[in-house]
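The structure appears below as structure tokens.
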Amino acid sequence: MEWNALIKDFGMYLKLERSMSENTIEGYIRDVSKLSNYLLMNESELNATTLTQSDVLTFLAYLNKEFHVATSSQARLLSAIKSFYNYLNETDVTENNPVELIEAPKLPSKLPDTLDVEEIDALIGAIDLTTYEGRRNKAILEVLYGCGIRVSELVNLTLDALFFEEGFIRVIGKGDKERFVPIGYEAMKQVTLYLENDRITKSPKRGEENIVFLNRRGARLTRVMIFTIIKRLSLAIDLGKNISPHTFRHSFASHMVEGGADLRAVQEMLGHESITTTEVYTHLNKDYLQQIITDFHPRIQT
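Following full-length UniProt numbering, the numbering of the sequence shown begins with 1 at its first residue and continues without gaps.
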């Protein structure tokens, strides 16, 4: 089979078998296509069954030399190609796997930025509550911090996903996977005030009737708009940190772990497939970890 046909089938596999999001699938297809386009550019007759490890290494060296591809991008691209060949092997298209023994470049360990409780309070305190947008934005920030959900999950949050009597909201995460996340009193309070006093005055656009957070025109907010709201508040209090909606998710997880929450429970609330992803939050606060060992290790207690 030709590269284009194989890549198309790979995309269908990621969608139907792996239940990946459209954005993730597009990224995988784009990265694998870079390999096939490189071979086409060089008029190579190599196909998926005849490609060698040396060919792949030459391709990676070419990208690095010509485009100075960042280490993280190299690792992501190699991961996509490995997934492509795992698919070809699993479906018996070929037994060839030229990337099986190629190691991804080492990525620098980067811990996510977080906010402390005082900084979060300052950001929320800077909101102008005399406006519709302000009251809505306060509810938004309380949900982001109080539930730790992704910004994509927030903008797509629906009215029928609010189970306040039970203390949960239902969100649709990556790969259209559904999960229930606890929601605290303050977040419920602000969302309820917004729904009863502000959103009710809006006329949702067709198809947006069930969306919780709307703009003045009755349409759901975009990810960019949430980012802008947070950036403006950051500037208003001269925060001095480069933050985004995801910072609230990181802060939620960090504060939960620091408070003694079970790591598996935090993993479930965040919607992480692997506990390894959640474990990064155990490394965020060195002072906290030092205090833990001081308090509980028998050889260190005085």
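Yeah, the Cβ is synthetic: ideal placement off N, Cα and C, and Gly gets one too.
Have a look at A122 and I237 and give me their C-alpha separation to the nearest angstrom. If you number the sequence shown from 1, residue 122 lands on position 122. If you number the sequence shown from 1, residue 237 lands on position 237. Approximately 7 Å, taken between the alpha carbons.
Backbone secondary structure at I140 - three-state DSSP: To locate residue 140, count along the sequence shown from 1; it is residue 140. It is helical.
Comparing the CB of L129 with every heavy atom of the ligand NAD, is any distance shorter than 7 Å? In the structure shown, the ligand NAD is absent, as is every other ligand, since no ligand is present at all.
Please state the DSSP three-state secondary structure of T24. By one-based count along the sequence shown, residue 24 stands at place 24. Looking at T24 - three-state DSSP - the assignment turns out to be helix.
Find out if the Cβ-Cβ distance for the pair D262, N210 is shorter than 8 Å. As a first step, residue 262 must be located in the sequence shown, where it is residue number 262. As a first step, residue 210 must be located in the sequence shown, where it is residue number 210. No, Cβ-Cβ distance for D262 and N210 is not below 8 Å.
For the alpha helix (DSSP H) containing K10, list its first residue and its last residue. Within the sequence shown, the letter at position 10 stands for residue 10. Rather than Lys, the amino acid found at residue 10 in this sequence is Phe. Its alpha helix (DSSP H) spans residues 3-16.
Buried or exposed (CB count within 10 angstroms, at least 16 for buried), R232: In the sequence shown, residue 232 corresponds to position 232, counting from 1. Counting Cβ neighbours within 10 Å, R232 comes out exposed, since fewer than 16 surround it.
Taking contact to mean at least 3 C-beta pairs separated by less than 8 Å, is the segment 242-254 in contact with the segment 138-151? yes
Which residues does DSSP pair with P182 in a beta bridge? Locating residue 182 in the sequence shown gives position 182, counting from the first residue. Its beta-bridge partners are F168.
For the segment 25-34 against the segment 185-195, do three or more pairs of beta-carbon atoms, one drawn from each stretch, fall closer than 8 Å, so that the two count as touching? no
Are residue 313 and T94 closer than 8 Å when you measure CB to CB? Only positions 1 to 302 of the chain appear in this structure, which leaves residue 313 out of reach.
Does the distance from the CB of P105 to the CB of T52 come in under 8 Å? Start at 1 with the first residue of the sequence shown, and residue 105 comes out as number 105. Start at 1 with the first residue of the sequence shown, and residue 52 comes out as number 52. Not a contact, by the Cβ cut-off of 8 Å.
Pull up the distance between the alpha-carbon of E178 and that of M269, whole angstroms please. Residue 178 sits at position 178 when you count from the first residue of the sequence shown. Residue 269 sits at position 269 when you count from the first residue of the sequence shown. Cα-Cα distance, rounded: 11 Å.
Applying the criterion that 16 or more other CB atoms from any shown protein chain within 10 Å of the CB defines a buried residue, is F252 buried or exposed? Within the sequence shown, residue 252 is the residue found at index 252, counting from 1. Buried, because 16 or more other Cβ atoms sit within 10 Å of the Cβ of F252.
Less than 8 Å between the C-beta atoms of F84 and V117, yes or no? To locate residue 84, count along the sequence shown from 1; it is residue 84. To locate residue 117, count along the sequence shown from 1; it is residue 117. Not closer than 8 Å, so no.
By Cβ distance, which residues of its chain are closer than 6 Å to W3, with the 5 residues on each side in sequence left out? Along the sequence shown, read from residue 1 onward, the residue named residue 3 stands at position 3. These residues qualify, in order along the chain: S36.
Among L157, E165, F163, E17, the one whose alpha carbon lies nearest that of V171: Numbered from 1 along the sequence shown, position 171 holds the residue referred to as residue 171. Nearest of L157, E165, F163, E17 to V171, Cα basis: L157.
Should I275 go down as buried or exposed, given a rule of 16 or more other Cβ atoms within 10 Å for buried? For this step, residue 275 is matched to residue 275 along the sequence shown. Label assigned to I275: exposed.
Bridge partners of T158, per DSSP? Position 158 of the sequence shown, counted from the start, is the residue given in the question as residue 158. Beta-bridge pairing links T158 to I211.
Can you tell me whether R206 is buried or exposed? The criterion is at least 16 other CB atoms within 10 Å of its CB, across all chains shown. By 1-based counting over the sequence shown, the position of residue 206 is 206. Result: exposed.
Among E17, F227, K82, Q267, which has the Cα closest to the Cα of D176? Stepping through the sequence shown from its first residue, residue 176 is reached at position 176. Cα-wise, what sits closest to D176 is E17.
Quick one: measure Cβ to Cβ for T49 and N96, integer angstroms, because I've assumed they're closer than 8 Å. Taking the first residue of the sequence shown as 1, we reach residue 49 at position 49. Taking the first residue of the sequence shown as 1, we reach residue 96 at position 96. The Cβ separation is near 5 Å, so the contact holds.
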